[in-house]
Structure formats: structure tokens, C-alpha cells
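S.K.:
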Amino acid sequence: MKKWLVFLSVFLVLTTILFCINLFKTNEEKKKEKEQEIEEKEEKNTIEYKANQTIRVKFTKTGEIVAMDMNDYLRGVVPSEMSPTYNIEALKAQALVARTYTYRKLQAHAEGDDADMCDSYAHCQAFYPKDKLFQIWRQKGYDEDTILEFWDRVNTAVVSTQNEIITYNGECIKAFFHASSPEGTEDISQIWGGEKLSYLVPVESKEDESYSNRTSRVEISYDDFLNKLKENSLCKNYTKEDMKSITISDYTISGRVKNIQIKDQKVSAEKLRTLIGLKSTKFTIKKNDETVVFNVVGYGHGIGMSQVGANYYANNGMDYKEIIKHYYTGVEITKLD
Ligand SMILES: [Zn+2]
Numbered sequence: 000m001k002k003w004l005v006f007l008s009v010f011l012v013l014t015t016i017l018f019c020i021n022l023f024k025t026n027e028e029k030k031k032e033k034e035q036e037i038e039e040k041e042e043k044n045t046i047e048y049k050a051n052q053t054i055r056v057k058f059t060k061t062g063e064i065v066a067m068d069m070n071d072y073l074r075g076v077v078p079s080e081m082s083p084t085y086n087i088e089a090l091k092a093q094a095l096v097a098r099t100y101t102y103r104k105l106q107a108h109a110e111g112d113d114a115d116m117c118d119s120y121a122h123c124q125a126f127y128p129k130d131k132l133f134q135i136w137r138q139k140g141y142d143e144d145t146i147l148e149f150w151d152r153v154n155t156a157v158v159s160t161q162n163e164i165i166t167y168n169g170e171c172i173k174a175f176f177h178a179s180s181p182e183g184t185e186d187i188s189q190i191w192g193g194e195k196l197s198y199l200v201p202v203e204s205k206e207d208e209s210y211s212n213r214t215s216r217v218e219i220s221y222d223d224f225l226n227k228l229k230e231n232s233l234c235k236n237y238t239k240e241d242m243k244s245i246t247i248s249d250y251t252i253s254g255r256v257k258n259i260q261i262k263d264q265k266v267s268a269e270k271l272r273t274l275i276g277l278k279s280t281k282f283t284i285k286k287n288d289e290t291v292v293f294n295v296v297g298y299g300h301g302i303g304m305s306q307v308g309a310n311y312y313a314n315n316g317m318d319y320k321e322i323i324k325h326y327y328t329g330v331e332i333t334k335l336d
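In numbering that gives the first Met the number 0, the protein residues as written are 0 to 336.
Structure (C-alpha cells):
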């Protein structure tokens with residue numbers, strides 16, 4: 000019995016020693032790994048900021064990956080994100096935004112090891128190959144001469160801004176953009192919470208009054224509204240009568256709606272926007288007997304460059320650099336070499 004106890008004690012002491020050595024080792028190894036990771040990242044960063052990179056584009060529908068040079072990639076992005084009918088200076092601004100956004104994404108390695116960007120507008124940036132763009136324009140009724148002119152404009156926008164990116168303190172900015180903010184743009188920290196970025200703050204956005212989505216309206220019955228909320232596990236035990244208590248609870252600093260309140264349930268305006276298809280969170284509420292009406296101004300999240308605004312400023316004499324510096328406060332335009 001005693002012998003057995005001695006064996007057990009020796010065994011315990013030995014395992015403890017081994018465990019400690021191991022712990023020490025793993026800490027050391029972890030440190031090394033981290034250092035290596037940082038080194039690799041630094042190496043990657045210098046690679047990623049290099050001019051004229053090759054971009055491997057993943058097509059989300061087929062899973063196919065196609066490698067192309069940066070300019071070819073941007074020729075497919077710019078007219079997929081902005082109408083080629085817009086002023087050339089607005090298209091150049093979009094090219095700069097798209098290139099900056101791409102470099103930023105490259106740093107994040109959002110597509111894993113096999114690809115750099117995908118063609119989804121929701122995940123990366125919209126991208127259509129040239130033949131698909133021509134097909135879309137034909138379907139919209141444009142003649143061949145106009146289509147060739149569009150392509151020429153896109154090419155000019157990309158090539159004349161080649162290797163230029165938007166930077167703040169030497170770093171690629173988060174080049175967010177949206178369609179329209181006729182009453183001014185938004186502070187990023189007000190919409191997605193947390194991070195405040197001094198180049199993404201509210202600025203004035205003059206826009207063409209003829210833009211079709213400048214204002215819009217959604218009318219929904221209290222019943223339908225309640226069903227939509229319940230489908231998303233909100234307002235579970237509410238009745239139609241409860242829905243009539245809807246009010247705006249609070250606003251962002253640029254005057255967009257931050258939250259709405261229905262009885263004791265708060266719903267973020269961003270959530271509401273996708274839930275019932277509002278074009279933006281800049282809205283007022285009008286309550287009727289059976290329905291509620293949302294009168295909406297602008298289109299999109301409101302952060303960074305407004306495309307309709309970019310076109311307005313371009314039509315009124317600003318060049319693309321002035322447009323970029325108007326929408327992104329305090330930034331520089333850097334040419335990579
Ligand atoms: Zn993606």
C-alpha cells in the first residue's frame with residue numbers, strides 16, 4: 000500500500016513538472032507564432048498596397064474564380080455600382096472609392112486564400128464582366144453607339160485615376176458610399192455603433208431634385224407590420240391595437256431615426272429599414288386608422304459619398320478629387336507606385 004502511494008506521489012510530481020514545462024513552452028511558442036503572424040501581416044500589407052495588383056474575382060453563383068488585373072476588375076465594378084450616364088468626374092470618384100475599397104478588402108482577406116473579391120454587392124462590390132454589362136445596357140434599350148460610349152467613359156474613369164487611393168494618416172480609408180442623402184450624410188458611429196472615424200462624419204450633400212428616389216413612401220397596414228415583426232421574433236404578444244402606439248424614439252446626430260418604439264419594444268431603424276423595405280432611415284411617421292405611412296428621404300445608409308450628390312457636384316464644376324475630399328473629411332489622395 001505504501002509503495003503504491005510513493006509511486007503515485009512521484010507520478011504526480013513528474014506530471015506537474017512536465018505540465019509546467021509544457022505551459023512555458025506553449026507560451027513561448029504562442030509568442031513566437033504571434034510575432035510571425037505580425038511579420039507576415041506587415042509583409043502582406045506592403046504587397047497589398049502595391050500598384051496594379053491582380054485581383055482574383057469569385058463569382059458567387061458558380062463558384063468560379065477568375066484572375067484579372069486591377070483595372071479590368073474596376074471596369075466591371077464602377078458601372079455595376081454607378082450609372083454610366085453620370086458625369087465623368089463622378090465616375091472617377093466612384094473608381095477611386097472602388098479601388099480604395101478593394102485594397103481595404105485585400106487586407107482583410109475576406110474571401111479566404113483562393114480569391115480576393117467576390118461579385119456580390121452585399122459582401123464585396125457588385126461586379127459584372129464586360130459582355131454582361133453590354134447585355135444589361137442593351138436590355139435597357141441603349142443603342143450600340145451609346146453602349147460603346149458608356150464603356151469608353153468607364154475606361155477613362157478607371158485609367159485616369161490609375162493607382163490612386165483615398166488615405167487618412169497613410170492608411171486606406173473605409174470608403175463607404177450610398178445612393179443619396181439630400182439632407183446630409185451620416186456619422187458612421189451613429190449607424191453601426193462603436194467606431195468613430197473622423198473622415199466619416201456628416202457633411203452637406205446637394206443633390207438633383209429630379210432623382211427618382213430622393214423621396215419615397217411606404218404605407219403598411221398595422222396587421223402586416225405586426226406580422227413582419229413577429230416573423231423576426233419581435234413584438235411577440237402584441238396586438239394590432241398595440242401597433243398604433245408606434246413613435247420615433249430617438250434620432251442620430253444627422254437627424255436620421257435611430258430607434259422606433261412600439262409599446263415597450265424598441266426596434267432599431269436599420270432593422271426596420273430591411274424589414275419593411277424603407278429606402279433609408281431618414282423618415283417621418285404618419286399614423287392612419289388602419290395603416291402607418293413612412294415618408295422617406297434619400298436612399299441608403301447615408302455614410303460616406305452620396306453618388307447622386309457626387310453627380311450634382313460634378314455637374315456644377317467640381318472635379319473628382321474635390322468630390323472625394325468633400326465627402327470624406329480630411330483625407331488625402333495617394334498615388335501608389
Ligand atoms: Zn465577397
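Don't be surprised by glycine CBs; every beta carbon is placed ideally from N, CA and C.
Give me every residue whose Cβ sits closer than 5 angstroms to any heavy atom of ligand 1, in chain order.
M.R.: Spelled out in chain order, the answer is C117, H122 and C123.
S.K.: Less than 7 angstroms between the C-beta atoms of N279 and G254, yes or no?
M.R.: The displayed chain sequence assigns Ser, not Asn, to residue 279. Not closer than 7 angstroms, so no.
S.K.: Counting C-beta neighbours from all protein chains within 10 Å, is the total for I284 16 or more, i.e. buried, or is it exposed?
M.R.: By the 10 Å Cβ count, I284 comes out exposed.
S.K.: In the region 127-213, which residue ranges form an unbroken alpha helix (DSSP H) of at least 4 residues, counting only runs that do not cross its ends?
M.R.: Qualifying alpha helix (DSSP H) stretches, in chain order: 129-138, 143-158 and 187-190.
S.K.: Rounding to the nearest angstrom, what Cα-Cα distance links L90 and I219 in this structure?
M.R.: Taking the straight line joining both Cα atoms gives about 37 angstroms.
S.K.: My assumption, with CB atoms under 8 angstroms, is that V55 sits in contact with D115. Please give the rounded CB distance.
M.R.: Per the sequence shown, the amino acid found at residue 55 is Arg instead of Val. Right, the Cβ-Cβ distance comes to about 5 angstroms (below 8 angstroms), so this counts as a contact.
S.K.: Can you name the start and end residues of the alpha helix (DSSP H) that F293 belongs to?
M.R.: Where F293 is concerned, there is no enclosing alpha helix (DSSP H), although the beta strand (DSSP E) it sits in stretches over T290 to V296.
S.K.: Here's the rule: buried if 16 or more other CB atoms are within 10 angstroms of the residue's CB, otherwise exposed. What is S197?
M.R.: Looking at its Cβ environment, which holds fewer than 16 other Cβ atoms inside 10 Å, S197 is exposed.
S.K.: How is the alpha helix (DSSP H) around S79 delimited, first residue to last?
M.R.: Unbroken alpha helix (DSSP H) run through S79: M69 to E80.
S.K.: Whole angstroms are fine: how far does the CA of T184 sit from the CA of V157?
M.R.: Cα to Cα, V157 sits roughly 25 angstroms from T184.
S.K.: How about the region 253-267 and the region 236-244: do they share at least three Cβ pairs that are nearer than 8 angstroms?
M.R.: Touching, yes.
S.K.: What is the residue span of the alpha helix (DSSP H) that N314 lies within?
M.R.: Residues Q306 to N314.
S.K.: Using DSSP's beta-bridge definition, name the partner residues of Y250.
M.R.: In the DSSP output, where bridge partners are listed per residue, Y250 has V256.
S.K.: Grab me the residues of I166's own chain with a C-beta within less than 7 angstroms of its C-beta, minus the 5 sequence neighbours each way, in chain order.
M.R.: A quick correction: the sequence has Thr, not Ile, at residue 166. Within the same chain, T166 has close Cβ partners I172, V330, E331 and T333.
S.K.: Measuring CA to CA, which of C234, N231 and V266 is closest to I247?
M.R.: The option with the nearest alpha carbon to I247 is V266.
S.K.: Let me know the secondary structure DSSP gives F10 once reduced to three states.
M.R.: Three-state DSSP puts F10 in a helix.
S.K.: Taking buried to mean at least 16 other C-beta atoms within 10 Å of its own C-beta, is L7 buried or exposed?
M.R.: That one is exposed.
S.K.: Under DSSP, the beta strand (DSSP E) around K320 begins and ends at which residues?
M.R.: That residue, K320, is in no beta strand (DSSP E); its alpha helix (DSSP H) goes Y319 to Y326.
S.K.: Would you report the Cα separation of N44 and A107, rounded to the nearest angstrom?
M.R.: Reliability of the predicted coordinates at N44 is poor, the pLDDT of 47 falling under 50, and the value obtained from them is presented with this limitation in mind. Cα to Cα, N44 sits roughly 10 angstroms from A107.
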